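Report on one structure; see the data block that follows.
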Amino acid sequence: DQQVKQNSPSLSVQEGRISILNCDYTNSMFDYFLWYKKYPAEGPTFLISISSIKDKNEDGRFTVFLNKSAKHLSLHIVPSQPGDSAVYFCAAMIGYSGAGSYQLTFGKGTKLSVIP
Amino acid sequence: EPEVTQTPSHQVTQMGQEVILRCVPISNHLYFYWYRQILGQKVEFLVSFYNNEISEKSEIFDDQFSVERPDGSNFTLKIRSTKLEDSAMYFCASSEVLRTSGGTQYFGPGTRLLVL
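Protein chains in written order, with my numbering: chain A, 19 to 134; chain B, 52 to 167.
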């Protein structure tokens, strides 16, 4: 049961261009969404999050957009840098409102390669 | 910057043996979690822990698994009788009080468990 889906297993982008990573979810109870970056043999590193009461959150080069009606979120990285090359995981939880589950449900990840 | 630490980084064990994976969460965090990632698969939730008791567990977290916070700083995951299919990367995570931060979970580097 894939409640969080990242349909693109990989993405290649030229350095300096925009990287757009997409994530879809099926559970309308999810109210908090996070993006993590992961290098091989390391743990997921938190990047940015967004609650369901917002549609955009920005932090430096990273912006997350949430479209609740489409159950879709995306992570934009501008400009992309070679050091951004990693696997990016979308994750969702029910719990921001104070009730429900605090477990994170992860997507399968998208491997981003930024080409110099 | 505070971080979650985990020991050991690698553990090799024989099927049927007990293993204990250790984690030191971020010091002011109150919620603790274990996740695992089988090679090539998603990161999966195992258990969450708050106020010295399990808050939630997944169906993966059966009677062979247990968690403990023995001394106020360490958070451990015990697998009583390991099976081949327990081979995975195990990640510990911690988070602050959920309502103030949305529940962003910070992950440790992981312990790679190999059951032979």
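Note that the Cβ used here is the ideal one computed from N, Cα and C, for glycine as well. These figures come from a predicted structure and were not determined experimentally.
Same chain, Cβ closer than 8 Å to residue i, neighbours up to 5 away in sequence not counted
{"i": "residue 168 (chain B)", "result": "Any question about residue 168 (chain B) goes unanswered here, given that chain B covers just 52 to 167."}
{"i": "residue 101 (chain B)", "result": "81, 82, 83"}
{"i": "residue 60 (chain B)", "result": "160, 161, 162, 163"}
{"i": "residue 119 (chain B)", "result": "126, 127, 129"}
Alpha-carbon to alpha-carbon, residue j and residue i
{"i": "residue 57 (chain A)", "j": "residue 104 (chain A)", "result": "5 Å"}
{"i": "residue 76 (chain A)", "j": "residue 78 (chain B)", "result": "27 Å"}
{"i": "residue 96 (chain B)", "j": "residue 38 (chain A)", "result": "26 Å"}
{"i": "residue 92 (chain A)", "j": "residue 82 (chain B)", "result": "27 Å"}
{"i": "residue 146 (chain B)", "j": "residue 112 (chain A)", "result": "15 Å"}
{"i": "residue 34 (chain A)", "j": "residue 62 (chain A)", "result": "24 Å"}
{"i": "residue 102 (chain A)", "j": "residue 132 (chain A)", "result": "7 Å"}
{"i": "residue 121 (chain B)", "j": "residue 54 (chain B)", "result": "20 Å"}
{"i": "residue 86 (chain A)", "j": "residue 110 (chain B)", "result": "29 Å"}
{"i": "residue 105 (chain B)", "j": "residue 97 (chain A)", "result": "42 Å"}
{"i": "residue 36 (chain A)", "j": "residue 64 (chain B)", "result": "45 Å"}
{"i": "residue 85 (chain B)", "j": "residue 112 (chain B)", "result": "10 Å"}
{"i": "residue 3 (chain A)", "j": "residue 134 (chain A)", "result": "Outside the shown range of chain A (19 to 134) lies residue 3 (chain A), about which nothing can therefore be said."}
{"i": "residue 60 (chain A)", "j": "residue 90 (chain A)", "result": "27 Å"}
{"i": "residue 52 (chain B)", "j": "residue 20 (chain A)", "result": "34 Å"}
Exposed unless 16 or more other CB atoms sit within 10 angstroms - verdict on residue i
{"i": "residue 130 (chain B)", "result": "buried"}
{"i": "residue 73 (chain A)", "result": "exposed"}
{"i": "residue 57 (chain B)", "result": "buried"}
{"i": "residue 100 (chain A)", "result": "exposed"}
{"i": "residue 137 (chain B)", "result": "buried"}
{"i": "residue 160 (chain B)", "result": "buried"}
{"i": "residue 66 (chain A)", "result": "buried"}
Beta carbon of residue i nearer than 8 Å to that of residue j
{"i": "residue 99 (chain B)", "j": "residue 107 (chain B)", "result": "yes"}
{"i": "residue 52 (chain A)", "j": "residue 88 (chain A)", "result": "no"}
{"i": "residue 141 (chain B)", "j": "residue 87 (chain B)", "result": "yes"}
{"i": "residue 133 (chain B)", "j": "residue 68 (chain B)", "result": "yes"}
{"i": "residue 124 (chain A)", "j": "residue 31 (chain A)", "result": "no"}
{"i": "residue 126 (chain A)", "j": "residue 28 (chain A)", "result": "no"}
{"i": "residue 95 (chain A)", "j": "residue 79 (chain A)", "result": "yes"}
{"i": "residue 45 (chain A)", "j": "residue 24 (chain A)", "result": "no"}
{"i": "residue 94 (chain B)", "j": "residue 107 (chain A)", "result": "yes"}
{"i": "residue 70 (chain A)", "j": "residue 43 (chain A)", "result": "no"}
{"i": "residue 54 (chain A)", "j": "residue 154 (chain B)", "result": "no"}
{"i": "residue 89 (chain B)", "j": "residue 139 (chain B)", "result": "yes"}
Beta-carbon proximity list for residue i, same chain, < 7 Å, skipping 5 on both sides
{"i": "residue 135 (chain B)", "result": "66, 166"}
{"i": "residue 115 (chain B)", "result": "130, 131, 132"}
{"i": "residue 103 (chain B)", "result": "120"}
{"i": "residue 26 (chain A)", "result": "40, 128"}
Residues near residue i by beta carbon distance below 6 Å, same chain, minus five either side
{"i": "residue 83 (chain A)", "result": "74, 92"}
{"i": "residue 81 (chain A)", "result": "94"}
> Taking contact to mean at least 3 C-beta pairs separated by less than 8 Å, is the stretch 122-129 of chain B in contact with the stretch 73-86 of chain B?
Replying inline: yes
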